[in-house]
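Written below as structure tokens is the structure these notes are about.
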């Protein structure tokens, strides 16, 4: 076949017919080789699985079997070979585009090798004219083959060879299928199956959850429906019950109105019946009222009138019948025209001849005194007649005292008044008997000498005994029923419920409780129990309990106990006998009353912890308030002979500094400054109030007393202007004023203090600023304005008293110029305040009494101002507060006065 090419000449020209014939032959050959190639059946679509991986694209993303234009062009070369040329590049899809999970199978067919050609695709030309390509398929379900076959004219001696296109390095060469690839594909298939099973299980699980959720939703909707149905039913029942209740209420109200109407009618009927019955009783015979059996007390009766001679009767016929209680000294009066003289009146019959109704008796027979009409009752004031008590001397001695040793003098005086009234009534009754006519047979002649009067006949008169007030019952009631306002149980119950550790304190506390219970148990059974001894026993026991509670930090129970002691002090008479007497003192404190030692210990240990944010309702606040209340009661009730015992309180360590410390709340400072004010009313306590209690054995500078300095700071504090702050400042001014009057030494200490006069000056300046600088709130509130003017008046008087009534030179200018710290500029404040009070006109909105108050203190302020300024400076100050016209006229008058003085 070497000479097979000789049959074809080089001058063969392929025209259109030749090409058409070649195409037809090629098509026939393709149909014979691939019967179904012309009409390929597309495989059935597989259902898309939700595996999360995108579908693998085909090898030739731009090729489709239906695209005719993409078919390759077949050309015949000059050397008799065929060539295939594609219209565009074919880009194979890398294995990575498949996700590494699947590889397209590649089919290789063994053919005889031909010489390579310059074709860009890996086609192989065989002698039989078949062209086979080797490329990976993109879709396993739709395999695509691309083959090119040519059928050149055969010759027995010639062979046509088609030079193939050279293959690229990435093209695969024909080889057999590797078994490892099959295992890899099996592993991937197993993974896919496992993943599919997991997805199925997850899908099933999600379906089950969805079903459960739907079931729960339906169940909840059912429950809501049932609940709504129950609520509607309940609402209907409730409305029905409300309707029934309203009907019952209306019925009861109607019944109540009817009952009230019937009761009013019945009351009117009873009132009418009572009126008629009372009228019948008044018109009937008057019977003597029955009285309770009363104790008979022998009382001296008045003397029986002695029959007078007829001569003496004529002497006194124009005079009134004189008895021991009706002796009138004065000139006789002439009877008026038409007035019947006493001796011309018809004489009354004798008592023996009168038919008096029962219950009316003469003075010679036992009778009931008018004193029986006195008001009865325990603890109530006796309503004694207002007639003057006659001067009558009783033969018998004074009535015995009815009260025990601890009774009050008021009750004894009331008893004396009762007995005096009884005697007075008896004398009036005796006088009424002297008006009776004396028969002639009883007349006697006057004889020389004095006739001995008949001795008075004692009469047993029935009087009502005044029952004294039983203080033991008040003591019993207070101890049993007292309740502290912030406590929910009685004080006695709270004290008995205190729990203490076993030891001496617990034994002492239990013993004190036993003594109190013993006294309370004896009160109802023993009427003769001395309330003084009982009060002393109870007070001692309470004080012992207070000592134990103070050491054990039982704040609430201790506050309730102090409140009970305060109540006892204000209720019982002479409570100082049980609290401040010698047998109630503490041996460890050199005779100091134990109650004062307990109070000082409470102030030092508990009240000192009180800060600015503590309220009155807290446990510590209640304890502080009750401690000050008890101390105030002691200051008010203690008599003057025992006031020296109170000196222990201000003389105790850190007590004064705790009471007026700067870290205390305002409500506490109000009570503490009031305590100091009450202590300053005791003149003997000035040394304790103006001394150092914390610096024993150290040099003391009385010009810098700590508690005085803090009180002065409170006086100039203008951050608060409420009632509590005003009360604190008022208490401080009273404290300084009373101490300055207690003793000359106290006056000197207060005046020499570095803060007292500057602080008072600053406070007075603030008051004058409120009045003269037009405070609208002050002008619209007359009560507050009156209070401010009153405070200004009192402050001016105090400053005048401290400066001008001192025994030593105050050196006012030096003291104000050298004022320290917060009192800088005190001299300027002093001049401005005194100038306003001396020369400024009273504001127009100040009227009436307030205006008079301001005018009164003008002279005092001018005296104080003249101590600081004088001469032209004083005239300039005066001119500052004058109107312009008045100032010019006053200047002319002053000039005229100076000229007159020069002429003289």
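Numbering (UniProt numbering), first residue to last: 1 to 904. Beta carbons are placed, not taken as given, at the ideal position from N, Cα and C, and that holds for glycine.
Identity of the residues DSSP links to residue i by a beta bridge
i: residue 75; result: 83
i: residue 501; result: For residue 501, which the question treats as bridged, DSSP gives no partner whatsoever.
Residue burial classification, residue i (beta-carbon count within 10 angstroms, cutoff 16)
i: residue 632; result: buried
i: residue 15; result: exposed
i: residue 623; result: buried
i: residue 184; result: exposed
i: residue 535; result: buried
i: residue 274; result: exposed
i: residue 247; result: exposed
i: residue 594; result: buried
i: residue 231; result: exposed
i: residue 224; result: exposed
i: residue 18; result: exposed
i: residue 270; result: exposed
i: residue 736; result: buried
i: residue 831; result: buried
Candidates the options: closest to residue i by CA position
i: residue 541; options: 603, 561, 882 and 753; result: 561
i: residue 746; options: 577, 716 and 805; result: 805
i: residue 495; options: 795, 556 and 477; result: 556
i: residue 524; options: 716, 475 and 727; result: 475
i: residue 851; options: 799, 210 and 772; result: 772
i: residue 752; options: 800, 810, 799 and 714; result: 810
i: residue 641; options: 576, 692 and 606; result: 576
i: residue 726; options: 858, 509 and 787; result: 787
i: residue 839; options: 827, 814, 865 and 816; result: 865
i: residue 674; options: 724, 644 and 662; result: 724
i: residue 579; options: 596, 564 and 571; result: 596
i: residue 569; options: 553, 629 and 616; result: 629
i: residue 657; options: 616, 618, 644 and 704; result: 704
i: residue 503; options: 487, 517 and 552; result: 552
i: residue 487; options: 617, 30 and 195; result: 617
i: residue 659; options: 759, 681, 517 and 600; result: 600
i: residue 592; options: 212, 716 and 648; result: 648
i: residue 472; options: 845, 619, 29 and 522; result: 522
i: residue 572; options: 667, 610, 470 and 611; result: 470
i: residue 867; options: 842, 781 and 815; result: 815
i: residue 793; options: 821, 760 and 817; result: 760
i: residue 854; options: 845, 264, 739 and 789; result: 789
i: residue 877; options: 634, 254 and 835; result: 835
i: residue 608; options: 643, 256 and 668; result: 668
i: residue 687; options: 82, 740 and 833; result: 740
i: residue 574; options: 539, 563 and 548; result: 539
i: residue 625; options: 238, 606 and 700; result: 606
8 angstroms contact criterion, which residue i and residue j should meet: CB distance rounded
i: residue 755; j: residue 702; result: That belief does not hold up - the Cβ atoms of residue 755 and residue 702 are roughly 12 angstroms apart, past 8 angstroms.
i: residue 718; j: residue 766; result: 6 angstroms
i: residue 636; j: residue 679; result: So it is not a contact: roughly 11 angstroms between Cβ atoms.
i: residue 802; j: residue 757; result: 7 angstroms
i: residue 729; j: residue 763; result: 7 angstroms
i: residue 837; j: residue 861; result: 4 angstroms
i: residue 690; j: residue 732; result: Between residue 732 and residue 690 the Cβ distance is about 14 angstroms, and since that is not below 8 angstroms, they are no contact.
i: residue 567; j: residue 478; result: 6 angstroms
i: residue 546; j: residue 598; result: 5 angstroms
i: residue 743; j: residue 683; result: 7 angstroms
i: residue 653; j: residue 693; result: 5 angstroms
i: residue 857; j: residue 796; result: 5 angstroms
i: residue 492; j: residue 500; result: About 17 angstroms separates the two Cβ atoms, so there is no contact after all.
i: residue 602; j: residue 563; result: Not really, about 13 angstroms apart at Cβ, beyond 8 angstroms.
i: residue 845; j: residue 779; result: 5 angstroms
Fill in: Minimum length 4: unbroken alpha helix (DSSP H) runs contained in the stretch 729-761
744-752
Practice prompt. Tell me the start and end of each unbroken beta strand (DSSP E) in the stretch 654-688 that is at least 3 residues and wholly inside, in chain order.
Written response: none
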